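Notes for the one structure printed next.
Protein chains: 4
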Amino acid sequence: MTIAQAAPHRAASPTPLADHASLIVHGRDRTGIVAAVGAVLAKHQANIVSLDQYSDNPHGGAFFQRTVFGRDNLKVALPQIEADLRAEMDKGFELDFTLRDLSIPKRVAIFASKAEHCLLDLLWRHRRGELPITVAMVISNHPDTAGEVRSFGIPFFHVPSAGADKSGAEAEHLRLLQGNVDFVVLARYMQILSGEFIGRLGVPIINIHHSFLPAFIGAGPYAKAKERGVKLIGATAHYVTEDLDEGPIIEQDVVRVSHRDTVADLQRRGADVERDVLSRAVRWHSEDRVIRHENHTIVFA
Amino acid sequence: MTIAQAAPHRAASPTPLADHASLIVHGRDRTGIVAAVGAVLAKHQANIVSLDQYSDNPHGGAFFQRTVFGRDNLKVALPQIEADLRAEMDKGFELDFTLRDLSIPKRVAIFASKAEHCLLDLLWRHRRGELPITVAMVISNHPDTAGEVRSFGIPFFHVPSAGADKSGAEAEHLRLLQGNVDFVVLARYMQILSGEFIGRLGVPIINIHHSFLPAFIGAGPYAKAKERGVKLIGATAHYVTEDLDEGPIIEQDVVRVSHRDTVADLQRRGADVERDVLSRAVRWHSEDRVIRHENHTIVFA
Amino acid sequence: MTIAQAAPHRAASPTPLADHASLIVHGRDRTGIVAAVGAVLAKHQANIVSLDQYSDNPHGGAFFQRTVFGRDNLKVALPQIEADLRAEMDKGFELDFTLRDLSIPKRVAIFASKAEHCLLDLLWRHRRGELPITVAMVISNHPDTAGEVRSFGIPFFHVPSAGADKSGAEAEHLRLLQGNVDFVVLARYMQILSGEFIGRLGVPIINIHHSFLPAFIGAGPYAKAKERGVKLIGATAHYVTEDLDEGPIIEQDVVRVSHRDTVADLQRRGADVERDVLSRAVRWHSEDRVIRHENHTIVFA
Amino acid sequence: MTIAQAAPHRAASPTPLADHASLIVHGRDRTGIVAAVGAVLAKHQANIVSLDQYSDNPHGGAFFQRTVFGRDNLKVALPQIEADLRAEMDKGFELDFTLRDLSIPKRVAIFASKAEHCLLDLLWRHRRGELPITVAMVISNHPDTAGEVRSFGIPFFHVPSAGADKSGAEAEHLRLLQGNVDFVVLARYMQILSGEFIGRLGVPIINIHHSFLPAFIGAGPYAKAKERGVKLIGATAHYVTEDLDEGPIIEQDVVRVSHRDTVADLQRRGADVERDVLSRAVRWHSEDRVIRHENHTIVFA
């Protein structure tokens, strides 16, 4: 018996939140935003399930609001809710908003290399129903994890990227991804993406860096951590920008280490933090809990 | 030079949040609450600075909302805001609300015994301006900390409570407290309060218990923790009810220990957790971040 | 391609520590133990790689020492080292000792039920070479994980245990286990083992309990945690004794939760803590880092 | 009543560990060190209370051992124990050792500026008997904390250090310190010490840096942390070297923050971590638990 056969009928499907939507409002703070949004939702009999609001400066700063609401037959009502919100926003608010039907999971592609711990952890959490995503595909520059990925019922594509010229690999990536995914996760994918690729892809990319950024930027952070003699090591999930390891941080965590830990021990212990941090970042992004603003994130976790 | 002289001109006063108010709405969930509250605030040109909302069950559960808002000349407008909120709530909502001017710090009495770490930490944080409270008095069943408390410019009252009959002490406590304080903090006060006292006092009482409740209820939790061989010890801040160590939990934290730690080590290390946990609970209570519901707390921290 | 084929050539074998041994000395404290043990090892040209020592009371308490040492051709020398240690101990020390060749991994059977997170985590870690163990078999009272377990190249045995009478299942367990394993891990195995079974099995059994013991003993700890309104939830790995949830604690950890977390959320978040705590306990036990003493453990981690 | 009067009879004296000594052995690893040291101690009827050993490389690396032992009339025996250890080490070991009578607390000078949280925390802990040190003096470039420090019965010296030329202040520091202290603690002392001063002082200096080093080296780390949008902030206790913020790290810790925290919030929350981390570093250093090796520390905590 193979896993490929066994997996499907055990797999929990990701929990789609039927008849619920998320609404992100983001822009210039002013009096009356909460009331205006609330009035539109109330008019449509939408029940607010959770609401988080934040202003970075009460005097003309930036405003952020995440609302989750539910109502019967949401799909039918959603276009009119959107139109009414648009009309309301046009009454002098300087705000953008995003409305999303939570019954439709976001589609993701996971990029991996040889290290499997982050990849397997995401696939396994997805199978358990912990992540409201559809894993559209896994792309790796190494073939090693093909069998395991496919045993979860997920397409695996091997795109080698040896050598200095990544343009062929990136073209292949774009062909696979464009139109098919809502975001990309780099699950310890050990290749640098070009600025051009990031721009043309046009969807958010989440990376897990194996250090507590901004400490130990670049390659080999565990060796650098050992060299510096730190007493904690960490991991950082962040959105990818053209500037390596400089994008907006979504989540971080650390674990205590000691002089007894070798670089290999740091890698082993850090791997646990990496998978935890990455899975939280993916879940929060999937649930529209993360708002990017300048080079920061507002996380309504 | 004595501390009693030196303290005043160094003391930061607790930061009163001028022209801001907190609004707690709590009751039966229904569509339209956020909109109704938002509309009243918008009508009064009140700018919402932060808003947290939670429903424990989207289908007719309990609703909790904490809003902080600001506007010029708040004190003048507050009575009318309250009247308008009352009128709105009377339109069929089953909700209570509490509106509080944040420029007026809550008044607290701190009860202590011999152990000084929680008491001193609260007084010191207060002096630094970290806690928006007025420390009206310290009451202790031991005289030991009198000098240190008074050096912070705070009245100290010694109320002995030896013997089985606490009624004399409790009568004295009530005489000191009634009308003078908005809540009481038991900062490692090693005496049990009678149900009658709690009832007659009529304001919230926050206790710090030196274990991770519900583990090690009752006296001597560190000795019990050593006996059981736990690998973490903790502390719990909770509201006091008639049932010892059973009241609603506000905050908890833990610290790692090992077989090498003696009971005295556990006490020393636990003391650090106690003071941190208690100070967080006091701050959150002072800022109206804690809502009691049945035997639980909703904490919008 | 199936995982069962792919796994072997990717699988890192558990790192056997060639030419190294662990020595645990445990008994009544006295002057001269470290010197006596050190002299025997020095005589045999054994280099001490790490040494941890602990006495629970300097005046006639219990003594615990873990030493890891290496030398060339250890296997040849080990019998004489053991004989010399025995002779030394017989000179009036009241001590037991255990000497173990670290190139031979301990053999373990993992018991599971339907929940797979602890089981899979151990198998993944084992495949990555993180755990110096040989997984001899997995035994489950449910057939669900058979395919996945076998894809790791590990035997899976389904032993149903429905009904009140567990004697048939336990007899089957003993037939599978006796002589084949050095310890047993209950990886969220949801059945109670009889005292008779524990006694006849005669090897250590490690269990993971889904609460921060001694809080929430028994069934349904997450529901109890929600009911009590705790702000942290935890997991506890302990040796199994006849008294349910009362055996010596090996490791514990916690994670912060809030009023927003449902019982299902607590289960999901607790699962992460469970697998981390269990894997640490298994690794420490495998490396002879845990010494049982009365109802406690000394952990030289 | 002043604190200065009240303090003495409440003050627990730092617990001197009568008739116990610590022995640090540090040098080139070789077979037989533990046995040789153990034999000397056993010859003198010294009972080993705790022993930690570490080698950074089993093949000719560096060796570190901390031993605490007790015997009656230790003071009488100590010179002969030292002579015997010296003789033993001279038999071909490449090792240094330090033997210290634990009944004599180390003498420390604490340097502070305006921020008082680390200073006060050390003084409180010292008064409670948590730190086996003698606080010889407090030196500050601001007079603000004079009254409070003296209320603990500790000398306070105000040494201004305004302006670019610190040589006058440093000369004054040396005059106060030389011969009087065994180490110095910079408890948020906001001045840079010159390499010449560090060299002439000749005793270890412990600093608390208000970031998780090596992140946010230099001034204003909380502002930098806010700017970078990190989700955890930390503090680092390290030995001071000529290279600012680059000395060997003794201890680090972090606390979780969010987008809601202003720079002032980060300072407030970081202050709690700073005082905890610094107090652990001071305690460990006082108990000879920290061994410097190259730019690292071995901490037997």
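Protein chains in written order, with our numbering: chain A, 580 to 880; chain B, 580 to 880; chain C, 580 to 880; chain D, 580 to 880. C-beta atoms are modelled at their ideal positions from N, C-alpha and C, and glycine is treated no differently. Nothing here was measured: the structure is a model prediction, and the numbers come from that model.
(Q) Distance check for residue 690(D) and residue 619(A), CA to CA, integer angstroms please. (A) Within the first sequence, residue 619(A) is the residue found at index 40, counting from 1. Within the fourth sequence, residue 690(D) is the residue found at index 111, counting from 1. Taken atom to atom, the span from the alpha-carbon of residue 619(A) to that of residue 690(D) is near 60 Å.
Q. When you compare only the Cα positions, how much space is there between residue 765(D) and residue 646(B)?
A. Here residue 765(D) is taken as the residue at index 186 of the fourth sequence, counted from 1. Here residue 646(B) is taken as the residue at index 67 of the second sequence, counted from 1. Spanning the two alpha carbons is a distance of roughly 42 Å.
**Q.** Under 7 Å (Cβ pairs) to chain A, residues found in the region 838 to 855 of chain D
**A.** 838, 839
Q: Excluding the 5 residues preceding and the 5 following residue 870(A) in the sequence, name in chain order all residues of the same chain whose CB lies nearer than 7 Å to its CB.
A: If you number the first sequence from 1, residue 870(A) lands on position 291. Around residue 870(A): 603, 605, 643, 876, 877.
Q) Alpha carbon to alpha carbon, how far is residue 693(D) from residue 724(D)? A) What you label residue 693(D) is simply residue 114 of the fourth sequence in a count that begins at 1. What you label residue 724(D) is simply residue 145 of the fourth sequence in a count that begins at 1. So the alpha carbons of these two residues sit roughly 7 Å apart.
Q: Specify, as a first and last residue, the run of the beta strand (DSSP E) that residue 631(A) falls within.
A: For the purposes of this step, residue 631(A) is identified with residue 52 of the first sequence, where counting begins at 1. According to the DSSP assignment, residue 631(A) belongs to the beta strand (DSSP E) that extends over 626 to 634.
Q. Would a check of beta-carbon distances place residue 863(B) closer than 9 Å to chain D?
A. Translated into the one-based positions of the second sequence, residue 863(B) becomes position 284. No, residue 863(B) lies away from the interface with chain D (no Cβ there is under 9 Å from its Cβ).
(Q) I need the DSSP call for residue 795(A), collapsed to helix, strand or coil. (A) Walking along the first sequence from the start, residue 795(A) turns up at place 216. It is coil, neither helix nor strand.
Q) Is the region 654 to 674 of chain B close to the region 739 to 754 of chain B, with three or more CB pairs under 8 Å? A) These segments do not touch.
Q: Assign residue 774(C) to one of three DSSP states: helix, strand, or coil.
A: Within the third sequence, numbered from 1, the residue matching residue 774(C) stands at position 195. If DSSP states are grouped into helix, strand and coil, residue 774(C) belongs with the helices.
Q) Between residue 633(A) and chain B, is there a C-beta pair that is closer than 9 Å? A) Here residue 633(A) corresponds to residue number 54 of the first sequence, with the count starting at 1. Judged by the 9 Å Cβ criterion, residue 633(A) is in contact with chain B.
Q. Is the Cβ-Cβ distance between residue 786(D) and residue 826(D) less than 9 Å?
A. Indexing the fourth sequence from 1 puts residue 786(D) at position 207. Indexing the fourth sequence from 1 puts residue 826(D) at position 247. Yes.
Q: Measure the C-alpha to C-alpha separation of residue 611(D) and residue 624(C) and round it to an integer number of angstroms.
A: Taking the fourth sequence and counting its residues from 1, one reaches residue 611(D) at position 32. Taking the third sequence and counting its residues from 1, one reaches residue 624(C) at position 45. Whole-angstrom Cα-Cα distance: 8 Å.
Q.
For residue 685(A), count the other beta carbons within 10 Å of its own beta carbon; 16 or more makes it buried, fewer makes it exposed. Which is it?
A. For the purposes of this step, residue 685(A) is taken as the residue at position 106 of the first sequence. By the 10 Å Cβ count, residue 685(A) comes out buried.
Q.
Only counting the same chain, and skipping five residues up and downstream in sequence, which positions put a Cβ closer than 8 Å to that of residue 627(A)?
A. To locate residue 627(A), count along the first sequence from 1; it is residue 48. Taken in chain order, the residues that qualify are 617, 620, 646, 647, 648.
Q | Entirely enclosed beta strand (DSSP E) segments - the region 664 to 735 of chain A, minimum 3 residues | A | For the region 664 to 735 of chain A, whole beta strand (DSSP E) runs of length 3 or above, ordered along the chain, are 674 to 680, 685 to 691, 712 to 719.
Q: Report, in whole angstroms, the separation of the C-beta atoms of residue 840(A) and residue 813(A), which I expect to be a contact under 8 Å.
A: For the purposes of this step, residue 840(A) is taken as the residue at position 261 of the first sequence. For the purposes of this step, residue 813(A) is taken as the residue at position 234 of the first sequence. Actually they are not in contact, since the Cβ atoms of residue 840(A) and residue 813(A) sit about 14 Å apart, beyond 8 Å.
Q | Beta-bridge partners of residue 786(C), as assigned by DSSP | A | Mapped onto the third sequence, residue 786(C) falls at position 207. Its beta-bridge partners are 765(C), 817(C).
Q: Output, in chain order, the set of chain A residues within a Cβ distance shorter than 9 Å of residue 869(B).
A: Start at 1 with the first residue of the second sequence, and residue 869(B) comes out as number 290. Residues of chain A passing the Cβ test: none, with the nearest at roughly 18 Å.
Q: Rounded to whole angstroms, what's the CA-CA distance from residue 583(D) to residue 733(D)? Just pull it up for me.
A: Counting from 1 along the fourth sequence, the entry for residue 583(D) is found at position 4. Counting from 1 along the fourth sequence, the entry for residue 733(D) is found at position 154. Reliability of the predicted coordinates at residue 583(D) is poor, the pLDDT of 27 falling under 50, and no value is obtained from them.
Q: Could you spell out where the beta strand (DSSP E) holding residue 641(C) opens and where it closes?
A: On the third sequence, residue 641(C) is found 62 positions in, with the first residue counted as 1. Taken as a continuous stretch (DSSP letters only), the beta strand (DSSP E) holding residue 641(C) covers 641 to 649.
Q) So does residue 843(A) have its beta carbon nearer than 8 Å to some heavy atom of the ligand NAP? A) With respect to the ligand NAP, the structure shown offers nothing to examine, as it has no ligands at all.
Q. Can you check whether the CB of residue 747(C) is closer than 9 Å to the CB of residue 821(C)?
A. Here residue 821(C) is taken as the residue at index 242 of the third sequence, counted from 1. Here residue 747(C) is taken as the residue at index 168 of the third sequence, counted from 1. No, Cβ-Cβ distance for residue 821(C) and residue 747(C) is not below 9 Å.
Q: With 7 Å as the C-beta to C-beta threshold (strictly closer), list the residues of the region 688 to 706 of chain C near chain A in chain order.
A: Within the region 688 to 706 of chain C, the qualifying residues are 699, 703.
Q. Is residue 815(A) near residue 790(A), with beta carbons less than 9 Å apart?
A. Counting from one through the first sequence, the residue named residue 815(A) turns up at place 236. Counting from one through the first sequence, the residue named residue 790(A) turns up at place 211. Yes, they are a contact pair.
Q.
In whole angstroms, give me the CA-to-CA distance for residue 600(A) and residue 631(A).
A. Taking the first sequence and counting its residues from 1, the one referred to as residue 600(A) is at position 21. Taking the first sequence and counting its residues from 1, the one referred to as residue 631(A) is at position 52. Our two residues, residue 600(A) and residue 631(A), have alpha carbons roughly 14 Å apart in a direct line.
Q) Tell me which same chain residues have a C-beta within less than 8 Å of the C-beta of residue 641(C), skipping the five on either side of it? A) As a working mapping, residue 641(C) is identified with position 62 in the third sequence. The residues are 605, 606, 607, 608, 634, 635, 872.
Q. What do you reckon, are the CB atoms on residue 666(B) and residue 763(B) nearer than 9 Å?
A. Numbered from 1 along the second sequence, position 87 holds the residue referred to as residue 666(B). Numbered from 1 along the second sequence, position 184 holds the residue referred to as residue 763(B). Contact flag unset, no.
Q) Excluding the five sequence neighbours on either side, which residues of its own chain have a C-beta within less than 8 Å of the C-beta of residue 657(D), listed in chain order? A) Locating residue 657(D) in the fourth sequence gives position 78, counting from the first residue. These residues qualify, in order along the chain: 600, 678, 680.
Q. Under a Cβ-count criterion, where at least 16 other Cβ atoms within 10 Å of its own Cβ denotes burial, should residue 711(B) be classed as buried or exposed?
A. For the purposes of this step, residue 711(B) is identified with residue 132 of the second sequence, where counting begins at 1. By the neighbour-count rule (16 or more Cβ atoms within 10 Å), residue 711(B) is buried.
Q. Nearest CA to the CA of residue 683(B): which residue from 731(B), 596(B), 659(B)?
A. Position 104 of the second sequence, counted from the first residue, corresponds to residue 683(B). Nearest of 731(B), 596(B), 659(B) to residue 683(B), Cα basis: 596(B).
Q: Per DSSP, which residues does residue 604(A) bridge with? Please list them.
A: The sequence position of residue 604(A) within the first sequence is 25, counting from 1. Here residue 604(A) is bridged, per DSSP, to 644(A), 676(A).
(Q) Just to confirm, is the Cβ distance from residue 698(A) to residue 807(A) under 9 Å? (A) Counting from one through the first sequence, the residue named residue 698(A) turns up at place 119. Counting from one through the first sequence, the residue named residue 807(A) turns up at place 228. Note that the C-beta distance between residue 698(A) and residue 807(A) is not below 9 Å.
Q) Near residue 856(B), which residues of its chain fall below 6 Å by C-beta distance, leaving aside the five closest residues on each side in sequence? A) Against the second sequence, residue 856(B) aligns to sequence position 277. 814, 816, 830, 832.
Q. By the 10 Å Cβ neighbour count, where 16 or more other Cβ atoms means buried, how is residue 854(A) classified, buried or exposed?
A. Numbered from its first residue, the first sequence carries residue 854(A) at position 275. With 16 or more Cβ atoms within 10 Å of its Cβ, residue 854(A) is classed as buried.
Q.
Between 638(C), 713(C), 639(C), 615(C), which has its C-alpha nearest residue 660(C)'s C-alpha?
A. On the third sequence, position 81 is the one that residue 660(C) refers to. It is 615(C).
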